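Heads up: the sequence shown begins at 0 in numbering that gives the first Met the number 0, then just goes up one per residue.
Report on the following structure.
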Amino acid sequence: MAEGSGLGEELNLGDYWGIIRKRIVAVLVVFAAVFASTVVYTKLKHPLFRAQTLIKFELPVSVMSGQGAMLAFAAGVQTQVNLLSSLDMAQRVAERTKADIGKIRGSYKVERLGQTALMTVTVTGTEPAAAATLANVIVDTYIEWDLEVRSRQTRKNLEELEARAKDAKDDLLRLEDRQREFLENHQTTGLGSVLAGNLLDLESRRKEMLRKFTEAHPDVRKLDERIALTRERLEALPGEQEELERLVRDLRVREATYIALSRQIEESRIALQSTISYVSVLSRAEAPGRPFSPNRPLNYAAGAVMGAFLGFMVALIIENLDISITTIEEIEKVVGAPVLGVIPHFGSESRWHDFMGTYLNKSRHPDSGFRSFLVFRQPPKSPVIEVYHALRVNIQAQLAKPQSLVVTFTSTGVAEGKTLTAVNFAMASAHSGLKTLLIGADIRRPSLHRIFGLPKEPGLIEAVTGRVPWRDTIRGTVDYLMGEQDLERLSAFPGIDNLKMMTGWTASTAEVVNIFSSERLPRLIADLRTEFDIVIFDCPPVLLFVDAVLIGQHTDGVVLIYKSGKMARRALKRAKDQVVLSHGKILGIALNDARAASMEPGYGSYSDYGHYAKPQPPNES
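Below is the structure:
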């Protein structure tokens, strides 16, 4: 991980919260992108409806009461689930609904509810009514199939009985025809048929009596005597009579067989009609009122959670890749110099400028926006000015002997708030009653004269070269009031008479290095010490130009202005080394525009200063 990112060490909740606040724009962008994608996906997805039927499978009592009843029950229910889900069942439903079998099979699902005999058939579709209809058709087809299976054996037995009854009826009709023909051809055989009939009756009665009595019973013996007498009389009849008797016996046997088969056929038909399915419908499917998918609340909640999570991860990645320094401890460790002051982020009077700087990373402001950050815009007792008082005290603490202070303000790179810090520092010093001189030594890109509406020349260049006496280049209160727009606030600022300024400008910067390298510069600084308590040089960035190094050699020390998270750690260290190598003295670092989100948790109170940057009535004390 990147040095100084803070992620290489063990982090607590405060650290994570600080990372989120610092990278809030990235977090919000990722969150918005993920959440918007979820919303679009949910809107574009076709709604799906779910219709469900509940059915129950029951095995016969005879099966459930036998051994292994529970195993049989479980196997039976699971078998029905498999059958309902089978290709054959889907084929039957497809034939009934005239639909594609692949579409049918992929649209429904069969599940068993726990260890019960209950099963659900769930159909998913884009049309609620069609889904409910298909679910009911599947169940109806399944019940019909189950009835077909249950009645298959009974129907087969019925068909066999009907075939046998037809054969028995044909034999009976044939025997009746033979008997009729025989009687027509033998008119004298009537007595034999009577005797034969009596014999059959007597023999039947004897069988019935033997079921109740023995052969020694008087009634049985009497019946035996009558049977013997009848047989004697039949034996006396001619042979035609015997033939007739055989026909009569065969006819009665065929008649009894046909009657028995007819009775069995009726019983089979009754059994077939009374066959019931093992499956019963507990609730039929109804058209659902609303889709189950997409589940908008769930999708939106998931999108929000995922967006927040990914935003947090992106924040951690960006923080890990960040090569800048954001904490006091890191700055002091990398640079090897103390942090003299922490200047928190102040809100501008212009919300648009504040938005541009906060969220669009716009570093530079127009002159009107710059003026809104000046301390005289705040109430005199505002804690904002105390930040610069603390910075001055810490700078003076770095010097061994009390004397008038001459200090160089510079920065590593551009747009780090160097000029704003120098101006506010000078105004705070004047507010404390110190005679203060602010020198616009940033000849390369001067801005001091524009901010306060001062003449850009004569100034520092003229004073160093001796073309104009340095006292004639000093600007005071009258000059500010003539050029500044907000005269009322500026004139009401305590100590404004203590603040003097020297602008800096030249038509050509070709000779700037030679001018600052001349012996006239230290003599000018020595003269200024006699007139002012604090002299502040606002110099250009030290890594871009050598001006700050040349001026810093003759001042009491150099203060590096570092904007939190602006420049890489190596650039800050290089700036410090460059000043030291030129025999300048680094007094320390002023951490500018520090936000509570980028500070350690213990410095979070600096965010409260933003409250004091809001516009206040000019006469508020």
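Even for Gly, the Cβ is constructed at its ideal location relative to N, Cα and C.
No experiment lies behind these values; they were computed from the predicted model shown.
Let me know if Lys332 comes out buried or exposed under the rule of 16 or more other beta-carbons within 10 Å of its beta-carbon. Position 333 of the sequence shown, counting from 1, holds the residue named residue 332. So Lys332 ends up on the exposed side.
Span of the beta strand (DSSP E), counted from its first residue to its last, around Ala589: Sequence index remark: in the sequence shown, residue 589 carries index 590 (1-based). DSSP places Ala589 in the uninterrupted beta strand (DSSP E) bounded by Ile585 to Ala593.
Starting from the Cα of Leu172, find the closest Cα among Ile103, Arg205 and Leu246 and give me that residue. Here residue 172 is taken as the residue at index 173 of the sequence shown, counted from 1. Considering only alpha carbons, the answer is Leu246.
Out of curiosity, what's the CA-to-CA distance linking Pro457 and Pro540? As a first step, residue 457 is located in the sequence shown; it is residue number 458 there, counting from the start. As a first step, residue 540 is located in the sequence shown; it is residue number 541 there, counting from the start. Those two C-alpha atoms are separated by around 23 Å.
Nearest-angstrom Cβ-Cβ length linking Val120 and Val109, presumed shorter than 8 Å: In the sequence shown, residue 120 corresponds to position 121, counting from 1. In the sequence shown, residue 109 corresponds to position 110, counting from 1. The beta carbons of Val120 and Val109 sit about 6 Å from each other, so the pair counts as a contact at 8 Å.
Cβ contact (3+ pairs, closer than 8 Å) linking the region 554–574 and the region 302–312: no
Does the separation of the CB atoms of Ala35 and Val313 fall below 9 Å? Sequence index remark: in the sequence shown, residue 35 carries index 36 (1-based). Sequence index remark: in the sequence shown, residue 313 carries index 314 (1-based). Cβ distance not < 9 Å, so Ala35 and Val313 don't count as in contact.
Going straight from the alpha carbon of Lys55 to that of Leu117, what length do you get? Translated into the one-based positions of the sequence shown, residue 55 becomes position 56. Translated into the one-based positions of the sequence shown, residue 117 becomes position 118. Each residue's Cα considered, the two are about 5 Å apart.
Taking only three categories from DSSP, how would you classify Lys21? Here the question's residue 21 lines up with position 22 in the sequence shown. Correct three-state label for Lys21: helix.
Put His15 into one of helix, strand or coil per three-state DSSP. Here residue 15 refers to the residue found at position 16 of the sequence shown. The sequence given here has Tyr at residue 15, not His. Looking at Tyr15 - three-state DSSP - the assignment turns out to be helix.
So, at 8 Å on beta carbons, what are the nonlocal neighbours of Asn156 in its own chain, with the 5 sequence-adjacent residues on each side left out? Residue numbering aside, residue 156 sits at position 157 when the sequence shown is read from its first letter. Excluding sequence neighbours, Asn156 sits near Ser267.
Stretch pair the region 403–415 + the region 545–565: three plus CB contacts closer than 8 Å: yes
Flag this pair as yes or no: are the beta carbons of Met426 and Ile473 separated by less than 9 Å? Position 427 of the sequence shown holds residue 426. Position 474 of the sequence shown holds residue 473. Their beta carbons are not under 9 Å apart, which means Met426 does not touch Ile473 by this criterion.
Neighbourhood of Val92 by C-beta distance below 7 Å, restricted to the same chain and skipping five residues each side: If you number the sequence shown from 1, residue 92 lands on position 93. Closer than 7 Å at Cβ, skipping near neighbours: Ile103, Val136, Ile137 and Thr140.
Assess, as a yes-or-no matter, whether the region 578–587 is touched by the region 431–451 under the definition of 3 or more beta carbon pairs within less than 8 Å. no
Output the distance between the C-alpha atoms of Ser261 and Lys165, rounded to the nearest integer angstrom. Here the question's residue 261 lines up with position 262 in the sequence shown. Here the question's residue 165 lines up with position 166 in the sequence shown. When rounded, the distance between both Cα atoms is 10 Å.
In terms of residues, what are the limits of the beta strand (DSSP E) holding Val548? Sequence index remark: in the sequence shown, residue 548 carries index 549 (1-based). From DSSP, Val548 is part of no beta strand (DSSP E) but of the alpha helix (DSSP H) over Asp546 to Gly551.
DSSP-derived helix/strand/coil call for Ile442: Counted from its first residue, the sequence shown places residue 442 at position 443. In the structure shown, Ile442 sits in coil (DSSP, three-state: anything other than H, G, I, E or B).
Would you say the region 32–48 touches the region 290–301, given that touching needs at least three Cβ pairs under 8 Å? yes
Extent of the continuous alpha helix (DSSP H) to which Ile103 belongs: Position 104 of the sequence shown, counted from the start, is the residue given in the question as residue 103. Ile100 to Ser106 is the extent of the alpha helix (DSSP H) around Ile103.
Would you call the CB atoms of Ala300 and Thr52 closer than 9 Å? Translated into the one-based positions of the sequence shown, residue 300 becomes position 301. Translated into the one-based positions of the sequence shown, residue 52 becomes position 53. No; because the gap between Cβ atoms is not below 9 Å, this pair is not in contact.
Do Thr411 and Arg519 have their C-beta atoms within less than 9 Å of each other? Numbered from 1 along the sequence shown, position 412 holds the residue referred to as residue 411. Numbered from 1 along the sequence shown, position 520 holds the residue referred to as residue 519. Contact flag unset, no.
To which residues of the same chain is His388 closer than 6 Å at the C-beta, ignoring the five residues directly before and after it? Mapped onto the sequence shown, residue 388 falls at position 389. Ala427, listed in sequence order.
Which stretch, first to last residue, makes up the alpha helix (DSSP H) that contains Lys417? Numbered from 1 along the sequence shown, position 418 holds the residue referred to as residue 417. Taken as a continuous stretch (DSSP letters only), the alpha helix (DSSP H) holding Lys417 covers Lys417 to His430.
Please report the distance separating the alpha-carbon of Leu523 from that of Pro382. As a working note, residue 523 is residue 524 in the sequence shown. As a working note, residue 382 is residue 383 in the sequence shown. If I take the Cα positions, the gap works out to 35 Å.
Assigned secondary structure, Asp139 (DSSP; H/G/I helix, E/B strand, else coil): Within the sequence shown, residue 139 is the residue found at index 140, counting from 1. Note: Asp139 maps to helix in three-state DSSP.
Tell me where the beta strand (DSSP E) around Leu281 begins and ends. Start at 1 with the first residue of the sequence shown, and residue 281 comes out as number 282. Here the beta strand (DSSP E) through Leu281 covers Val278 to Ser282.
Compute the distance between the beta-carbons of Leu112 and Ala50, then report whether it is under 9 Å. To locate residue 112, count along the sequence shown from 1; it is residue 113. To locate residue 50, count along the sequence shown from 1; it is residue 51. Taking 9 Å as the Cβ cut-off, Leu112 and Ala50 do not qualify as a contacting pair.
Pop quiz: Ala286 and Ala131 are said to be a contact at Cβ under 8 Å. What is the actual Cβ separation, rounded to whole angstroms? For the purposes of this step, residue 286 is taken as residue 287 along the sequence shown, with counting starting at 1. For the purposes of this step, residue 131 is taken as residue 132 along the sequence shown, with counting starting at 1. Between Ala131 and Ala286 the Cβ distance is about 4 Å, and since that is below 8 Å, they are a contact.
Please identify the residue among Ala396, Asn423 and Ser490 whose C-alpha is closest to the C-alpha of Ile535. In the sequence shown, residue 535 corresponds to position 536, counting from 1. For Ile535, the nearest C-alpha among the options comes from Asn423.
Rounded to whole angstroms, how far is the Cβ of Leu436 from the Cβ of Met501, which I believe are closer than 8 Å? Here the question's residue 436 lines up with position 437 in the sequence shown. Here the question's residue 501 lines up with position 502 in the sequence shown. The Cβ separation is near 6 Å, so the contact holds.
From the DSSP secondary-structure annotation, give me the bridge partner or partners of Met118. Translated into the one-based positions of the sequence shown, residue 118 becomes position 119. According to DSSP, Met118 bridges with Ile54 and Arg111.
Please state the DSSP three-state secondary structure of Lys168. As a working note, residue 168 is residue 169 in the sequence shown. Reduced to three states, the DSSP call for Lys168 is helix.
Residue from Gln114, Ala89, Asp87 and Phe181 with nearest C-alpha to Gln77: Counting from one through the sequence shown, the residue named residue 77 turns up at place 78. If we check each option's Cα against that of Gln77, Gln114 comes out closest.
Pull up the distance between the alpha-carbon of Arg251 and that of Glu242, whole angstroms please. Taking the first residue of the sequence shown as 1, we reach residue 251 at position 252. Taking the first residue of the sequence shown as 1, we reach residue 242 at position 243. If you take the alpha carbons of Arg251 and Glu242, they lie about 15 Å apart.
Local conformation of Val512 per DSSP, three classes: Mapped onto the sequence shown, residue 512 falls at position 513. DSSP places Val512 in helix when its eight states are reduced to three.
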